[in-house]
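In our numbering, the protein residues as written are 118 to 767.
Below: one structure, written as structure tokens.
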């Protein structure tokens, strides 16, 4: 009966998505409708995974239970991640009335040293294969969240994912990703066994809609559930039983097979690396922006860069400038560049030293100091790390290093040419080949792929007040699977640096966490949940989340309007992903991606300010969000039209 009732709900939601939505108070039409819910909201990167979250809600679970079910499902569906990756989460606890941060990022394994990678000819650690792997974080992170803050058993939460592992109709995006990456997949025997189900045929990957079976992964998940069941039978309580499953992954037979399969393929991870790893529950960082408390994870992520940018932007009247005016774009772009320049030098694993000056970086005083550096008339192509130590009257121990860094690693100056669009800003075809504006940068597809490289997001909330925001990642396609576990290994080691001049806080070393791009977000207003939001897209994540937040807080957009609104991206930063050579990663001076419908006058004004402009119809990764309507006591959901992301509310 429950399933029939639930099915009717899904059909209604799908039907609504086909409607063209009327203008709202802000006047911006949306391609997807806003979601509304009274009891709960579940949003993630795949429709089937959102369904998994809805099932847990329908079975009486809370937002943590639903979020864990969605996380498990997205990993099983290879939604640009797998079970061997990493999980980063913010949880609002309604009983404690506080935000809790979960650090389930793996660490560099034994043997992962600067000399090891440099001897192999790398400027940065590799992107793919067993040498790109950190220790897995997602299984331990999921178990910790569920044990501490959920209500259901691991068996209940994993049930949808296990059913999918036995066979689910694969979506076109995943199936085609396998086909595109098949040459690399063939380098790894266990990956080839799982993914290339039609080996030798013209198309070796599964077809869209074909039932995709992952027997090895099903057996691994079954072992976790079995460990929980045995612990319960032995008299352990719910929490201890869930953690017994985690122990089997990191210390038992699953760990043994994972390490064996990794080493067979040239990986570095040892049994000790797995046994010694555990997730960390920590205090999040936050700042107050005009009465709204915005929360991010610590500086092992790029999340504080958004907080820094907000501290800078508090010194400007953004509403007066107007949404996406030339002055608004310029001011936000410059603020992002200043924050990301600090990210690129001062952020790293807070548990590994040296200590980062993060408190000073997030201070209002430092924000004012950086705001003064912005020239209102032109871009600064040489934006570099600031001096947060000075706000406390201290001497910056890195000044000499920063000066040397600027000389050795100057930004890339992009070549320019005329931009000839296929359509003008009104959508009318342009058949005469006339440039819309001259002196524009051509799109570097390989670079933009590294900049945008995505993952997925998970957002969940319930009527009891639990809120969860997760940005998991790692083990994306083409993934190297570790032995007969069915688990793709992380590729996150590429986010380390090998030269301390680039970032002395983020140099690769065994046991250290890299500074990652992954960045869930929560905001409270008057002490109550206001906004939960996250996005995929590598180094653009906190750029797009910053603009999303401003769209809601400054310009009054709804959750859905803000997720579809045109953003802009700065490329004037060090890339965190892709490319093992320095030139692949260096900042690109004044490089900006703008929506292709940006008015001609705005484009020309920005060009005159010194920007190197690219235009595209996609200027943000898929943004998922939940807005808490405190006036009516309801939930608004937003899910971007830029991907396969999907939400369900009730």
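Just so it is clear, CB atoms sit at the ideal spot from N, CA and C, and this is done for glycine as well.
In whole angstroms, what separates the C-alpha of residue i from that of residue j?
| i | j | result |
| --- | --- | --- |
| residue 473 | residue 619 | 15 Å |
| residue 471 | residue 364 | 31 Å |
| residue 766 | residue 145 | 22 Å |
| residue 747 | residue 616 | 48 Å |
| residue 647 | residue 215 | 13 Å |
| residue 443 | residue 754 | 30 Å |
| residue 242 | residue 610 | 6 Å |
| residue 756 | residue 744 | 11 Å |
| residue 768 | residue 218 | The shown model of the chain, from 118 to 767, leaves out residue 768, and the question about it has no answer. |
| residue 485 | residue 517 | 24 Å |
| residue 396 | residue 232 | 28 Å |
| residue 283 | residue 327 | 13 Å |
| residue 588 | residue 151 | 21 Å |
| residue 535 | residue 683 | Confidence in residue 535 is poor, its pLDDT being 38 and thus under 50, which makes the residue's placement unreliable; the coordinate value appears in the next sentence. Those two C-alpha atoms are separated by around 23 Å. |
| residue 740 | residue 350 | 43 Å |
| residue 594 | residue 291 | 8 Å |
| residue 539 | residue 759 | Interpretation of residue 539 is limited by its pLDDT of 37, a score under 50 that renders its predicted location unreliable; the figure taken from the coordinates is listed afterwards. Computed Cα separation, rounded: 20 Å. |
| residue 530 | residue 584 | 43 Å |
| residue 305 | residue 226 | 20 Å |
| residue 159 | residue 452 | 33 Å |
| residue 325 | residue 285 | 11 Å |
| residue 418 | residue 481 | 21 Å |
| residue 313 | residue 504 | 52 Å |
| residue 573 | residue 198 | 8 Å |
| residue 510 | residue 479 | 16 Å |
| residue 718 | residue 707 | 18 Å |
| residue 522 | residue 161 | 40 Å |
| residue 668 | residue 434 | 14 Å |
| residue 638 | residue 513 | 30 Å |
| residue 258 | residue 438 | 43 Å |
| residue 751 | residue 582 | 11 Å |
| residue 586 | residue 261 | 15 Å |
| residue 764 | residue 650 | 13 Å |
Assuming residue i is part of the alpha helix (DSSP H), what are its boundary residues?
| i | result |
| --- | --- |
| residue 495 | Per DSSP, residue 495 belongs to no alpha helix (DSSP H) and is neither H nor E. |
| residue 440 | From DSSP, residue 440 is part of no alpha helix (DSSP H); its letter is neither H nor E. |
| residue 578 | Element bounds for residue 578: not the alpha helix (DSSP H) but the beta strand (DSSP E), 575 to 579. |
| residue 229 | No alpha helix (DSSP H) contains residue 229, which DSSP labels as neither H nor E. |
| residue 725 | 717 to 725 |
| residue 259 | 255 to 266 |
| residue 390 | 388 to 393 |
| residue 856 | No answer is possible for residue 856: it lies beyond the span of the chain, which begins at 118 and ends at 767. |
| residue 516 | 516 to 525 |
| residue 659 | 658 to 670 |
| residue 475 | 475 to 478 |
| residue 170 | 164 to 175 |
| residue 701 | 699 to 702 |
| residue 676 | 676 to 681 |
Run through the DSSP bridge pairs and tell me what residue i is partnered with.
| i | result |
| --- | --- |
| residue 204 | 221 |
| residue 406 | 409 |
| residue 587 | 206, 575 |
| residue 606 | 201 |
| residue 216 | 209 |
| residue 158 | 578, 766 |
| residue 486 | None; residue 486 has no bridge partner. |
| residue 642 | 409, 645 |
| residue 418 | 633 |
| residue 753 | 153, 744 |
| residue 598 | 605 |
May I ask which residues mark the beginning and end of the beta strand (DSSP E) holding residue i?
| i | result |
| --- | --- |
| residue 397 | 397 to 399 |
| residue 652 | 645 to 652 |
| residue 740 | 740 to 746 |
| residue 187 | No beta strand (DSSP E) contains residue 187, which is instead part of the alpha helix (DSSP H) from 180 to 193. |
| residue 367 | Premise fails: residue 367 lies in the alpha helix (DSSP H), 355 to 368, not in any beta strand (DSSP E). |
| residue 763 | 763 to 766 |
| residue 731 | 729 to 733 |
| residue 712 | 708 to 712 |
Within 8 Å: the Cβ of residue i and any heavy atom of the ligand ATP?
| i | result |
| --- | --- |
| residue 271 | The ligand ATP is not part of this structure, which contains no ligands at all. |
Taking 8 Å as the threshold, find out whether the region 175 to 192 comes into contact with the region 274 to 293 through three or more Cβ pairs.
Inter-segment contact for the region 175 to 192 and the region 274 to 293 is present: three or more beta-carbon pairs are separated by less than 8 Å.
Within 8 Å, do at least three Cβ pairs link the region 397 to 412 to the region 453 to 465?
Touching, no, given that fewer than three Cβ pairs across the two stretches are closer than 8 Å.
Taking only runs of the alpha helix (DSSP H) that begin and end inside the region 279 to 318, which ones reach a length of at least 4 residues, in chain order?
If we require 4 residues or more, the alpha helix (DSSP H) runs fully inside the region 279 to 318 come out as 289 to 297, 299 to 302, 306 to 312.
Does the pairing of the region 399 to 407 with the region 377 to 385 give three or more beta-carbon distances under 8 Å?
With the cut-off at 8 Å, the region 399 to 407 and the region 377 to 385 do not touch.
Count the C-beta pairs between the region 489 to 500 and the region 722 to 732 that are closer than 8 Å, then say yes if the count reaches three, no if not.
At 8 Å Cβ cutoff, the stretches touch.
With a cut-off of 8 Å, do at least 3 Cβ pairs link the region 197 to 212 to the region 596 to 611?
Yes, they touch.
Runs of 4 residues minimum, wholly inside the region 320 to 358: which ones carry the alpha helix (DSSP H) assignment?
With a minimum length of 4 residues, the unbroken runs of alpha helix (DSSP H) contained wholly in the region 320 to 358 fall at 332 to 350.
Would you be able to state if there are at least three C-beta pairs under 8 Å between the region 635 to 649 and the region 235 to 249?
Fewer than three beta-carbon pairs drawn from the region 235 to 249 and the region 635 to 649 are found closer than 8 Å, and the two stretches are therefore not classed as touching.
For the region 248 to 260 against the region 674 to 688, are there 3 or more C-beta pairs whose distance is under 8 Å?
By the Cβ rule, the region 248 to 260 does not count as touching the region 674 to 688, because fewer than three pairs are nearer than 8 Å.
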